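First residue of the sequence shown? That's 1 in our numbering, and the numbers climb one at a time after it.
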Amino acid sequence: MYNTSQDPVWFGELRTPRGNTVLVHDKQFPEASQGRVYFYNTTRDAIIEYAEDIVSANLHDLDGAELEAAQAEYGLAWQAAREAFMQKHEGWVEATQSKPVAKKAKPVVEEPVAQDSDEPELEVDSIDDDFDDSWSTDDD
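This is the structure we're talking about:
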């Protein structure tokens, strides 16, 4: 079974009646649907979502020489597929990463101040009564 606790990237082999293929699992992949997991399939040169309970019984670790050979043979193709996959899922990955969310403060709503009944209201009959529109000009 794949174990990414020691290394963030796991190279292993999927053994099936159809044949064997090298798979790569990356700890930084986004979470797949519940009960599923993403692996890079070297035969298909693609990152594929697998049913974890079905595939896990058929996964096997590579020994030292096999691991080195797989990393040398598939390393560049794996990196290119990983980069494209992560870019495609970038928004989803950022949204699911645990970041503390700053809560917005609720806006403070000020209540209108009631006028004191002890204060007299100003009464204005007309502003024009005392207005003098005869301006002096220096042109005379």
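Glycine is no exception: its CB is placed at the ideal position from the N, C-alpha and C atoms. Since the structure is predicted, the reported quantities are computational estimates derived from the model, not experimental observations.
Reference residue i, options the options, closest by Cα
| i | options | result |
| --- | --- | --- |
| Ala46 | Arg82, Glu90 and Gln87 | Arg82 |
| Trp10 | Glu66, Met86 and Ala84 | Glu66 |
| Ala57 | Glu90, Asn41, Trp78 and Thr16 | Thr16 |
| Tyr74 | Val37, Glu90 and Thr42 | Thr42 |
| Leu23 | Ser33, Phe39 and Ala51 | Phe39 |
| Met86 | Gln34, Val55, Arg44 and Ile48 | Ile48 |
| Pro8 | Gly19, Lys27 and Asn20 | Lys27 |
| Gly19 | Ala80, Gln71 and Leu59 | Leu59 |
| Val55 | His25, Phe29 and Gln71 | His25 |
| Asp53 | Gln71, Gly64 and Ser33 | Ser33 |
| Ala51 | Arg44, Ala77 and Gly35 | Gly35 |
| Thr21 | Ala70, Gln6, Val37 and Gly64 | Ala70 |
Contact with chain B by residue i, beta-carbon distance below 8 Å
| i | result |
| --- | --- |
| Ala65 | Of the chains in the structure shown, none is chain B; there is only one protein chain. |
Cβ-Cβ separation, residue j to residue i (assumed contact under 8 Å), whole Å
| i | j | result |
| --- | --- | --- |
| Leu62 | Glu31 | Their Cβ separation, rounded to whole angstroms, is 25 Å, which puts Leu62 and Glu31 out of contact at 8 Å. |
Per DSSP, cross-strand counterpart(s) of residue i
| i | result |
| --- | --- |
| Phe11 | Val24 |
| Arg18 | Arg18 pairs with nothing; no bridge assigned. |
| Asn41 | Leu23 and Ala46 |
message: Please give the ranges of any beta strand (DSSP E) in the stretch 51-93, keeping only runs that are unbroken, at least 3 residues long and fully inside the region.
response: Correct list: 59-61.
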